[in-house]
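The sequence shown lines up with residues 0 to 327 when you count with numbering that gives the first Met the number 0. One structure below.
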Amino acid sequence: MKNHDQTASGAAKTRVVSSRRPVGDAGIPRFALYGEVASPGQEMLHIEEVWSRSSLYHWEIDAHLHQGLYQVLWVRKGQVSVLLDEARESVAGPAAIVVPPGVVHGFRFEPGTDGLVLTLSARFLVEGEFQAVGEAFRLLFAGPAVIRFDAGEAPQQRLDALLRELAAEFMLPGNADSPVPVWLARSLVWRLAQACKRQRQAGGAAAHRHQALFTRFLLLVEERFLEHWSLEQYASRLGLSTPRLNRLARAESGRSALELVHERLTREACRRLVYIAAPVAGVAEELGFADPAYFSRFFKRRMGMNPHRWRQAQLGGLGAVVSGASAA
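Below is the structure:
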């Protein structure tokens, strides 16, 4: 799902004191896009010009955080004062500022700063092709970072071209179902990860294990959810206890580890019910449910109706008929 809201109109600006507070403190605003109410579990790919939102707030974005959303601020030209948790620094373009979930961050831009803000969820990038992009995603968002570039050098030019193309594709009317923005975002993550790796190796900076573990968990869910792994299996593979895995998941996404696994399984069930002309019992078996009745109860608990009724409602809304659905 792409979020095409381009402004923060109607959103009240919330000021907080600049001193460090623990992540999760009720005094730190939590947003999806700045000034917009967060929706737990949302999937997002969004890109906008720096000026489109920051100019509404006098070029200052106050300290806030996101849960389950990852951001890259691309500063093409201009100067920005950056807050990343307890760290503050002044950054001049060209540079990329990487903000994982749960990191308190804020920006004070020099008026007229030229750049882009990319916001995305991990599942949006890793679902279906986790092997191709997962390692780059884990590396890039292992911790908050500022990646600096030399203006006019090849790495900066390639990244800038990718971001411009992604922004252009994102803004195309009637392009909501196009796969091109996702492809471009994956390419962008890969290139940024390579630049981040080079900079970290040069500077000897250590990755932040907390965000890295959560991304590894999401990738592992993508790999194993059809096998109905237990939380103990996930935790063991990650070298964690089950309670610690749950704490990690709640800190990063606001939901338990089991809820994240069930969300992924439910999304797959919805996709197959709409796009595969198989009886509900067959879909249940493909999803690893030995008992179709248990699958129906699981699905109804999450979606509010049984799989057969949900499929009929979706196909009716699409104006389509799936051959064989009546046999479900």
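The beta-carbon is built from N, C-alpha and C at its ideal position, and this holds for glycine as well. Keep in mind the model is a prediction, meaning the values are calculated, not measured.
Check: Rounded straight-line distance, which links the Cα of L68 to that of L257; Outcome: 19 Å
Check: contact_flag[the region 149-163, the region 100-108] where n(CB pairs < 8 Å) is 3 or more; Outcome: no
Check: Residue environment, M43, which counts as buried when at least 16 other CB atoms sit within 10 Å; Outcome: buried
Check: C-beta atoms of P306 and L272 nearer than 7 Å; Outcome: yes
Check: When S54, W50 and A175 are compared against D113, the one with the closest alpha-carbon; Outcome: W50
Check: Rounded distance between the beta-carbons of F148 and A94, thought under 8 Å; Outcome: 6 Å
Check: Rounded Cβ spacing between L119 and A166 (contact assumed at less than 8 Å); Outcome: That pair is no contact at about 13 Å.
Check: Unbroken stretches of the alpha helix (DSSP H), 4 residues or longer, contained in the region 45-84; Outcome: 49-53
Check: Status (buried if at least 16 other CB within 10 Å, exposed otherwise) for A150; Outcome: exposed
Check: Backbone secondary structure at D149 - three-state DSSP; Outcome: coil
Check: Rounded distance between the beta-carbons of L138 and A86, thought under 8 Å; Outcome: With 8 Å as the limit, A86 and L138 do not qualify as a contact, their Cβ atoms being about 20 Å apart.
Check: Distance between beta carbons of R236 and L219, contact taken as under 8 Å; Outcome: 6 Å
Check: Cβ-Cβ distance between Q232 and P99 below 7 Å; Outcome: no
Check: Buried versus exposed call for A184 [16 or more other C-beta atoms within 10 Å across all chains shown]; Outcome: buried
Check: For Q78 and E109, believed in contact at Cβ under 8 Å, the rounded distance; Outcome: 4 Å
Check: Residue of R301, A268 and R300 minimising C-alpha distance to E285; Outcome: A268
Check: Residues sharing a beta bridge with D113, DSSP; Outcome: K76
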